[in-house]
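Residue numbers (UniProt numbering), protein chains in the order written: chain G, 1 to 268; chain B, 1 to 374; chain L, 1 to 313. Quick reminder that beta carbons are idealized off the backbone N, C-alpha and C, glycines included. Below is one structure, written out as structure tokens, with a few remarks after it.
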Amino acid sequence: MNDDAYEGAHLGKSDVVLKTTDLEKAFGGLVATDSVSIEVDRGTITGMIGPNGAGKSTLFNLISGFYENDAGHVTVNGEEVTDLEPHERARKGLVRTFQTPRRLEGMSVREAMLVGPGPQKGESIFSLFFSGSDVTEEERTNIEQTRELLERFEIGHLIDQPSTDLSGGQMKLVELARAFTTNPDILLLDEPVAGVNPTLANDIKRFIRELNEEGQTFLIIEHDMPFIMDLADPIIVLDQGKVLMEGSPDEVRADDRVIEAYLGGAGP
Amino acid sequence: MSAVSSWVSETFVRDATERRIFATLGLITVLLVGGVFAGVIGPRFLLFQIALVGMYALLSLGLNVQWGYAGLINFSVAAFWGIGAYCAALLTAPNSPLGLGLHPVFGFLAAIVVSAFIAVLIGIPTLRLREDYLAIASLGLAEVIRAIILNERQWTAGSSGISGIPNLMSWLPLTDAATTAAIVVVLIAVVYLFLRRVHRSPWGRVLRTIRSDEDLAKALGKDTYRFKMQAFVIGSVIMAVAGAFYAHLNLYIDPSDLVPLTTFYIWIAVILGGTGSNRGAVVGAAVVIAIREGTRFLNDIGFIQTLGIDLAPLRLLFVGGLIILIMRFRQDGLLPPKDELIWPAARDGSGADGAPASGAASDGGTASNGGDDR
Amino acid sequence: MIPLQISPFQYVANGVVFSSIIVLAAIGLSLVYSIADFANFAHGDLMTVGAFSALFSVGFLRPMLGDAGVFGLPLWFFLALAFGMGAAAVISVITDRVIYQPVKGSDSIGLLISSIGVALVYRALVFLSFGTEAERYGVPRQGPIPWVRESLGIAVTPRNLVVVTLTVVLVAALHLTLTRTTLGRKMRATADNADLARVSGIRTSEVILAMWLIGGALAAAGGVFLGLEELVRPRMGFDILLIVFAAVILGGIGSVYGAMLGGLVIGMVHELVPLFNQWGVIPVGSRYAAAVAFVIMVAILLVRPSGIAGESG
């Protein structure tokens, strides 16, 4: 998880981390995703916005493999992942968070964080009995690294708390941290500040930026306009299952189609 | 002595509620032992009951791995138990339809292999799907297995059952009853220690995550199907071992116990004891046996008979009512799990002291090595 | 005289009768799945409760009405059927209010486990009220209809015809309710997407009430017909529960019409097992009919878990 290892691991990889080609998904007669083709460049914080029902969550689910696409392709680092299960895509570097924080019953923040790194030796029962010292070493390393990461995110003091005791915003921070421990090529964040108080939201923004400066690529869905406009570039705009346009925040703000898609109401 | 007392305090008296529970159990134990000395309770009978509790405890531990650790709904507990019992009986009883009269070790081995195989067979179509599919399919499996055992008399002796199953280790200088009770205690200890090791580990952690939110586990790159299958097989094998043990305890088996009610007794043991907690599973088993045997005594009391109430439906009513009440009022059970699932050896010196700061207020607030797995 | 070789169509006829029972039960189960979103393991025992309620009412209906009847079935039987359906509907609603609704969090697994408790309680109450012996409704015995026997070579009693006809009537009534009435539209909307329905102003409490009433009534009808065709036993519903689940899964969880289709198929297969055995298609006989239904269900789970008509993805 340190910077050198991170950069070194990415030498020789393509500039486009994530690419979708003509993704399609329909539910019954309703087309939720209509021939969507996007690209996310390495090292960017790419935003995704669109009015309610535009199909953003559906697209996330298609990209991460939780929905099966009717047609089209998804590639990560140039490698085709369209037929892979969600956990296999995660192993290929495509990691996502969820819109509603998933509180893990009966687990402390520390435990919740420790689920992230992987694959862990201790996840094999065989190793638990025959490679005990390896498991110990890896666990120790992970414990230390999660502690450091939580300290960095200024929630180190919560490490012993049951994860169910955390506020929504704190849980979102934990989720961001945990997703990061998987050492992903791209992090898909699904509304990372929805329902989060402004102070904490600012912290989240700050940490996302910090991680990005160290090389982490993000694709972020958000409804909070000031947040996403300040953070992301480029921004992809979806409407009714199609890509409306893509551009810098200024370009998006000025685009007539975008304004109209938001029905002239609280536009971007 | 201080090591023993700290072990005792971590295993049995984490907080006030637990103190009360274990005190009650301790009192009952004293009463039972006193009863033996007073000549009220036969020692052989008591040992048989202990062995029976042990068997139920094994079944509960097995279900706890499936339901408690991984959230798998398995309604075929009785079937896997039956598979184990019949493997043992068929291979070791001289007058069984197979008539092989082998050493009990082979019975146990067969129980393990056959149950693992069938568990995989039923897991393949169901573990990738929603939890209720496993519930339905396992109920179906239970009925199919019962039907096979009942109908294929040439292999299983059908409803006549198999008798003449040999005792375990008759060469030990203890009575049969004492030997059997001792063996189940050893079995429980082995299983318990095994489960403790695999539970407080990355493996156990992933399972608990899967139980809470399988999608999250997948999003983090965990092959949830593989983990669930492992939990399912381990649990089923433990249940079959319990069954094999029962064959050598009761010395006779027939299909009459392979009914769903037996499965639901174990479910009560686990959820009453505390889903996910190994100690809870054992305590729950003890409570369930107490209920079963207690109601059996009631039947012997004259006035119940004059009321003309049949015992079996009353038990059914009680079991059903208990399930409803537990789900409504105390889903946590008596001894819910409170441990952090972290590899114990990694705790030392890394700053993680292991006890979550939640309401598990242990005396003095210290928990030196993370406490016992429940 | 009884023909020495049973015509294959006889099995088909038996299948149609048995399917009727399964279809009625499967509809109720499917409704609970779609609307209340959990697997109701008490559904089989609800059928038992309905069948025994009807049996109970025979006690006072029969003396009142004598043996006048239609289609070879006395009038009191039809009234007993109605009584049973009503009783099961009411018991169903009470169970929901008292037991399912208060379960904390209402997560579907907690409800599933609670429904197991409810199943045991239903069965125990039936045992305690009626004893363990199997009973009959006391409908006069009937022989097969002669002209059917002569022309088609199969034995079909007037009773069989009544069962099938009434099932068709009930299913048609349900279909009309779902498609033509406001309530029905609300039910379908809630089944599709409960949150959306609530947000659109549909009072889900009303829909849920209707669901339990209809599901309970249909389950009772299935139970009464099963008791009519076979025996009224306390374990009758639970014994058939697996087959009903298989039907719902085959048809696709979430689809009431799928459940009907699934019920038809599973019911037919169940009765055709002896025929398949005769033809050498499968190695087991009628004692394993339930096991065959189970194997089919497992096969569906392997190949197409969403069933014939269920939602995918």
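**Report entry** Assigned exposure category for ASN95 (chain B) - 16 Cβ within 10 Å defines buried
**Finding:** Numbered from 1 along the second sequence, position 95 holds the residue referred to as residue 95 (chain B). With fewer than 16 Cβ atoms within 10 Å of its Cβ, ASN95 (chain B) is classed as exposed.
Query raised in the report: Just how far apart, CA to CA, sit ILE282 (chain L) and THR156 (chain B)?
Result: Locating residue 282 (chain L) in the third sequence gives position 282, where the first residue counts as 1. Locating residue 156 (chain B) in the second sequence gives position 156, where the first residue counts as 1. Between ILE282 (chain L) and THR156 (chain B), the C-alpha separation is close to 22 Å.
Query raised in the report: To which residues of the same chain is SER57 (chain L) closer than 6 Å at the C-beta, ignoring the five residues directly before and after it?
Result: Indexing the third sequence from 1 puts residue 57 (chain L) at position 57. The residues are ALA80 and PHE83.
Query - Start-to-end residues for the beta strand (DSSP E) that takes in THR21 (chain G) - result: Translated into the one-based positions of the first sequence, residue 21 (chain G) becomes position 21. THR21 (chain G) -> beta strand (DSSP E) spans 16 to 27.
Requested in this report: Would you kindly check if the distance between the Cβ of VAL248 (chain L) and the Cβ of SER30 (chain L) is under 8 Å?
Outcome: To locate residue 30 (chain L), count along the third sequence from 1; it is residue 30. To locate residue 248 (chain L), count along the third sequence from 1; it is residue 248. Closer than 8 Å, so yes.
Query raised in the report: If you run the structure through DSSP and keep just helix, strand and coil, what is SER350 (chain B)?
Result: Translated into the one-based positions of the second sequence, residue 350 (chain B) becomes position 350. Residue placement at SER350 (chain B) is flagged as unreliable, the pLDDT there being 45, under the threshold of 50; the coordinate-derived value follows with that caveat. In the structure shown, SER350 (chain B) sits in coil (DSSP, three-state: anything other than H, G, I, E or B).
Query raised in the report: So which residues on chain B does THR20 (chain G) lean against when the C-beta distance must stay under 8 Å?
Result: For the purposes of this step, residue 20 (chain G) is taken as residue 20 along the first sequence, with counting starting at 1. By Cβ distance, chain B contributes nothing, its closest Cβ being about 18 Å from THR20 (chain G), past 8 Å.
Query - Between the CA atoms of SER114 (chain L) and GLY195 (chain G) - distance to the nearest angstrom - result: Position 195 of the first sequence, counting from 1, holds the residue named residue 195 (chain G). Position 114 of the third sequence, counting from 1, holds the residue named residue 114 (chain L). If you draw a straight line from the Cα of GLY195 (chain G) to the Cα of SER114 (chain L), it is about 34 Å long.
Report task. For ARG328 (chain B), return the contacting residues in chain L, with the cut-off set at a CB-CB distance below 8 Å. Result -> In the second sequence, the residue the question calls residue 328 (chain B) occupies position 328. Result: ILE99, PRO102, VAL103, LYS104 and SER114.
**Report entry** Amino acids of chain B, ordered along the chain, whose beta-carbon sits closer than 8 Å to that of LEU242 (chain L)
**Finding:** Position 242 of the third sequence, counted from the first residue, corresponds to residue 242 (chain L). Result: ILE136, LEU139, GLY140 and GLU143.
Query raised in the report: Under 8 Å between the Cβ atoms of residue 270 (chain G) and GLY116 (chain G)?
Result: Shown here, chain G extends from 1 to 268; a query on residue 270 (chain G) therefore has no answer.
Report task. Please state whether DSSP places HIS73 (chain G) in a helix, a strand or coil. Result -> In the first sequence, counting from the first residue as 1, residue 73 (chain G) sits at position 73. Under the three-state reduction of DSSP output, HIS73 (chain G) falls in the strand class.
Report task. Please confirm if ASN293 (chain B) has its CB atom under 8 Å from at least one CB of chain G. Result -> Stepping through the second sequence from its first residue, residue 293 (chain B) is reached at position 293. This sequence places Glu at residue 293 (chain B); Asn is not what is there. Chain G contact via Cβ: absent.
Query raised in the report: Pick from B:ILE253, B:SER138, B:ASP339 and B:ALA312: whose alpha carbon is nearest that of ALA88 (chain B)?
Result: Reading the second sequence from its first residue, position 88 is the one you call residue 88 (chain B). The alpha carbon of ALA88 (chain B) has as its nearest neighbour, out of B:ILE253, B:SER138, B:ASP339 and B:ALA312, the alpha carbon of B:ILE253.
Query raised in the report: Using CA coordinates, which residue listed in L:ILE116, L:SER34, L:LEU161 and L:GLN278 is at the minimum distance from VAL148 (chain L)?
Result: Against the third sequence, residue 148 (chain L) aligns to sequence position 148. Nearest C-alpha to VAL148 (chain L): L:LEU161.
Query raised in the report: chain L partners of PRO255 (chain B), CB-CB under 7 Å?
Result: Translated into positions along the second sequence, residue 255 (chain B) becomes position 255. Ordered by position in chain L, no residue passes the 7 Å Cβ test against PRO255 (chain B), which lies about 14 Å from the chain.
Requested in this report: Identify which residue in L:THR182, L:ASP192 and L:ALA217 has its Cα closest to the Cα of GLU206 (chain L).
Outcome: The sequence position of residue 206 (chain L) within the third sequence is 206, counting from 1. Considering only alpha carbons, the answer is L:THR182.
Query raised in the report: From the beta carbon of SER108 (chain G), is the nearest beta carbon of chain B less than 8 Å away?
Result: Locating residue 108 (chain G) in the first sequence gives position 108, where the first residue counts as 1. Interface residue, yes.
Report task. Would you decide whether GLY241 (chain G) is buried or exposed? Buried here means 16 or more other CB atoms lie within 10 Å of its CB. Result -> For this step, residue 241 (chain G) is matched to residue 241 along the first sequence. So GLY241 (chain G) ends up on the buried side.
Query raised in the report: Which runs of the alpha helix (DSSP H), 4 residues or longer, sit entirely within the segment 165 to 222 of chain G?
Result: Runs of alpha helix (DSSP H) with 4 or more residues, each lying fully within the segment 165 to 222 of chain G, are found at 168 to 181 and 198 to 213, listed in chain order.
Query - VAL33 (chain B) - containing alpha helix (DSSP H), residue span - result: Position 33 of the second sequence, counted from the start, is the residue given in the question as residue 33 (chain B). Annotation: the continuous alpha helix (DSSP H) that includes VAL33 (chain B) extends over 16 to 37.
Query raised in the report: What is the rounded straight-line gap between the Cα of ARG141 (chain L) and the Cα of ALA13 (chain L)?
Result: Against the third sequence, residue 141 (chain L) aligns to sequence position 141. Against the third sequence, residue 13 (chain L) aligns to sequence position 13. Straight through space, the alpha carbons of ALA13 (chain L) and ARG141 (chain L) are spaced by roughly 19 Å.
Query raised in the report: Between TYR262 (chain G) and the rest of its own chain, which residues show a CB-CB distance below 6 Å, the 5 nearest in sequence each way excluded?
Result: Within the first sequence, numbered from 1, the residue matching residue 262 (chain G) stands at position 262. PRO51.
Query raised in the report: Which value, in whole angstroms, describes the spacing of the CA atoms of GLY176 (chain B) and LEU100 (chain B)?
Result: Position 176 of the second sequence, counting from 1, holds the residue named residue 176 (chain B). Position 100 of the second sequence, counting from 1, holds the residue named residue 100 (chain B). Here residue 176 (chain B) is Asp; the residue named in the question, Gly, does not match the sequence. ASP176 (chain B) and LEU100 (chain B): Cα-Cα distance of roughly 22 Å.
Query raised in the report: Is there contact between the segment 112 to 128 of chain L and the segment 321 to 328 of chain B, where contact requires at least three CB pairs shorter than 8 Å?
Result: Taking a contact to require three or more Cβ pairs closer than 8 Å, the segment 112 to 128 of chain L and the segment 321 to 328 of chain B qualify as touching.
Report task. Look at the Cβ atom of GLY54 (chain B), then the Cβ atom of ILE266 (chain B), and state whether they are nearer than 8 Å. Result -> Here residue 54 (chain B) refers to the residue found at position 54 when the second sequence is read from its first residue. Here residue 266 (chain B) refers to the residue found at position 266 when the second sequence is read from its first residue. If you check the CB distance, GLY54 (chain B) and ILE266 (chain B) do not come in under 8 Å.
Query raised in the report: Nearest-angstrom Cα distance between GLY71 (chain B) and ALA269 (chain B)?
Result: Taking the first residue of the second sequence as 1, we reach residue 71 (chain B) at position 71. Taking the first residue of the second sequence as 1, we reach residue 269 (chain B) at position 269. Near 16 Å, if we compare the C-alpha coordinates of ALA269 (chain B) and GLY71 (chain B).
Query raised in the report: Any residues in the segment 330 to 341 of chain B with a beta carbon nearer than 7 Å to a beta carbon of chain G? Which ones, in chain order?
Result: Hits within the stretch, in order: PRO337, GLU340 and LEU341.
Report task. In angstroms with no decimal places, state the Cα-to-Cα distance between ALA352 (chain B) and ILE143 (chain G). Result -> The residue given as residue 352 (chain B) occupies position 352 in the second sequence. The residue given as residue 143 (chain G) occupies position 143 in the first sequence. At ALA352 (chain B) the pLDDT is 44, less than 50, meaning the model places this residue with poor confidence and gives no usable figure here.
Query - Three-state secondary structure assigned by DSSP to VAL32 (chain L) - result: In the third sequence, counting from the first residue as 1, residue 32 (chain L) sits at position 32. In the three-state reduction of the DSSP assignment, VAL32 (chain L) falls in the helix class.
Query raised in the report: Measuring CA to CA, which of B:LEU129, B:ALA142 and B:ILE342 is closest to LEU258 (chain B)?
Result: Counted from its first residue, the second sequence places residue 258 (chain B) at position 258. The shortest C-alpha separation from LEU258 (chain B) is found at B:ALA142.
Report task. May I have a chain-ordered list of the alpha helix (DSSP H) segments no shorter than 4 residues that lie completely inside the segment 104 to 152 of chain G? Result -> For the alpha helix (DSSP H) assignment, the uninterrupted runs of no fewer than 4 residues enclosed by the segment 104 to 152 of chain G are, from N- to C-terminal side, 109 to 114, 125 to 130 and 132 to 152.
Query raised in the report: Hey, is LEU72 (chain B)'s beta-carbon within less than 8 Å of any beta-carbon in chain L?
Result: By 1-based counting over the second sequence, the position of residue 72 (chain B) is 72. It does not: the Cβ of LEU72 (chain B) has no partner Cβ on chain L nearer than 8 Å.
Query - Contact set for ARG235 (chain L): own chain, Cβ-Cβ below 6 Å, skip 5 residues either direction - result: One-based indexing of the third sequence puts residue 235 (chain L) at position 235. Cβ within range, chain order: n/a, list empty.
Query - Contact with chain B by PHE294 (chain L), beta-carbon distance below 8 Å - result: Locating residue 294 (chain L) in the third sequence gives position 294, where the first residue counts as 1. Yes, contact with chain B.
**Report entry** Endpoints, the alpha helix (DSSP H) within which THR126 (chain B) is located
**Finding:** Here residue 126 (chain B) corresponds to residue number 126 of the second sequence, with the count starting at 1. Where THR126 (chain B) is concerned, the enclosing alpha helix (DSSP H) stretches over 104 to 126.
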